[in-house]
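In case it helps, the numbering used here puts the sequence shown at residues 1323 to 1623.
Glycine included, every Cβ here is placed at the ideal spot set by N, Cα and C.
Have a look at the structure below before the remarks.
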Amino acid sequence: MFAPPPEITAVKATELPECYHNHGSKSDWLFGKRDPDLGSFLEGPIIDRDGSLVVADIPFGRIFRVSSDGAFSQIAAYDGEPNGLALAEDGTIWITDHRNGLMTLDPRSGTVTPRLSRLRREGFKGLNDLLFGPDGTLYFTDQGQTGMHDPTGRVFALRTDGRVDLMLDTIPSPNGMALSPCGRTLYVSVTRANQVWRLPLHADGSTTKVNIFLHLSGGHTGPDGLTTDDQGNLYVCHSGLGVVWVFNELGVPVGRINVPEGLDVTSACFGGPDGETLFIIESSQGGIYTVARKDIPGVAG
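Structure representation (structure tokens):
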């Protein structure tokens, strides 16, 4: 057993303005939520080429840019459910859309283009998150409604030649992902099992000896978004608990970041002028919180 790690509280940097909350609007994605009139649900933070934070609003198909002074501007709105975002080398933003599959966004024009709506005539369960590997491979999770009752969630790899490989199909709710600094380990949140799995990535693109890296507990939901730093520390957003856990590369808990308002802490990414600021999303209230990496317990600046 580990002692409780030291704690710090994140600071609210900004929040989605009231004018962007679609209260009273219907979205099928909100089925089963504790509050079916959320008005928004932010997810998928990334840093754009100009250093801006970009986030998705899943139930209402919107993509927002957040400037350094905390101002929101809508850069796209379409008929979909964007969950995860990833920035390609050419500046295109790739989207895992829960309803429509893989899509891309041109952040200059706001044009959203379908890329992969189904695979070999079979539709996806409901895509969740994605990231690019160092060789250009795009990894993405297919979560849908899987869970302990149905452990058939999947991780796919879209190769640079267009080939799509199924890497794993036995996951009870695959969600967020992160890569180790060396690029040889893929971490996957397994939300309904309250776990984080570790997938070794081999030179031929396959994975074997997949194992449980972390067992978590508590919360109304489970681990969601993941990110890593250059030391190999893993940051786990625990949705339904309102915290971000920090683990070192051996899985030892070294810090706990509390978000003071709301429990739906779903995702985080590093950004800011020096890349040393952790941006944390509280989805249901539309809050964006920050912590300087040098202040995170157990993590050197």
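* Asked: In three-state terms, what does DSSP make of Ala1515?
  -> helix
* Assigned exposure category for Gly1562 - 16 Cβ within 10 Å defines buried -> buried
* **Whether Leu1508 touches Met1499 by CB criterion (9 Å)** => yes
* Contacts around Ala1398, its chain only, beta-carbon distance under 6 Å, and the 5 residues preceding and following it disregarded -> Ile1385, Leu1427, Gly1432, Val1434
* Asked: Do three or more CB pairs link the region 1569 to 1583 to the region 1524 to 1531 at distances below 8 Å?
  -> no
* **Thr1286 to Cys1559 span [Cα, whole Å]** => Residue 1286 lies beyond the residue range present for the chain, which begins at 1323 and ends at 1623; the question has no answer from this structure.
* Asked: Going by the CB atoms, is the gap between Ala1335 and Phe1601 shorter than 9 Å?
  -> yes
* Asked: Going straight from the alpha carbon of Asp1457 to that of Val1376, what length do you get?
  -> 23 Å
* To do: In the DSSP assignment, find the beta strand (DSSP E) that holds Gln1607 and state where it starts and stops.
  => Taken as a continuous stretch (DSSP letters only), Gln1607 belongs to no beta strand (DSSP E), as it is neither H nor E.
* Contact check, Leu1364 vs Thr1418 under 8 Å by CB: the rounded distance? -> Between Thr1418 and Leu1364 the Cβ distance is about 15 Å, and since that is not below 8 Å, they are no contact.
* Quick one: residues in its chain with C-beta nearer than 8 Å to the C-beta of Phe1382, no 5 flanking neighbours on either side, listed in chain order? => Asn1344, Ser1347, Ser1349, Ser1362, Ala1399
* Asked: From this set, Gln1517, Tyr1557, Asn1555, which residue's C-alpha is nearest Gly1541's C-alpha?
  -> Gln1517
* Return the chain-ordered list of same chain residues with a C-beta closer than 8 Å to the C-beta of Asp1464, the five sequence neighbours on each side being excluded. => Phe1446, Lys1447, Gly1448, Leu1449, Asn1450, Gly1475, Arg1476, Val1477, Phe1478, Pro1496
* Per DSSP, what kind of secondary structure is Leu1296 in: helix, strand or coil? -> Residue 1296 falls outside the range modelled here, since the chain spans only 1323 to 1623, and no answer is possible.
* Taking the alpha-carbon positions, what's the Ile1380 to Pro1404 distance? -> 5 Å
* Nearest-angstrom Cβ-Cβ length linking Gly1544 and Leu1536, presumed shorter than 8 Å -> Not really, about 11 Å apart at Cβ, beyond 8 Å.
* **Asp1546, DSSP secondary structure in three states** => strand
* What residue range is occupied by the uninterrupted beta strand (DSSP E) comprising Arg1430? -> Arg1430 -> no beta strand (DSSP E), and no H or E assigned at all.
* C-alpha gap between Ala1590 and Met1470, whole angstroms -> 25 Å
* Could you have a look at Asp1552 and say whether DSSP puts it in helix, strand or coil? => coil
* Which of helix, strand or coil does DSSP assign to Cys1504? -> coil
* Asked: Pick from Pro1494, Thr1599, Gly1594: whose alpha carbon is nearest that of Asp1372?
  -> Gly1594
* Asked: Grouping DSSP H, G and I as helix and E and B as strand, with all else coil, what is Asp1412?
  -> coil
* Would you list the residues sitting across from Asn1344 in a DSSP beta bridge? => None; Asn1344 has no bridge partner.
* Counted within 10 angstroms of its Cβ, other Cβ atoms place Asp1472 as buried (16 or more) or exposed -> exposed
* **Lys1531, enclosing beta strand (DSSP E) - first and last residue** => Looking at the DSSP string, Lys1531 is not in any beta strand (DSSP E), and its letter there is neither H nor E.
* Asked: Out of Ile1534, Gly1547, Thr1492, Glu1571, which has the shortest C-alpha to C-alpha gap to Cys1504?
  -> Glu1571
* Beta-carbon separation of Glu1329 and Ile1579 under 9 Å? -> yes
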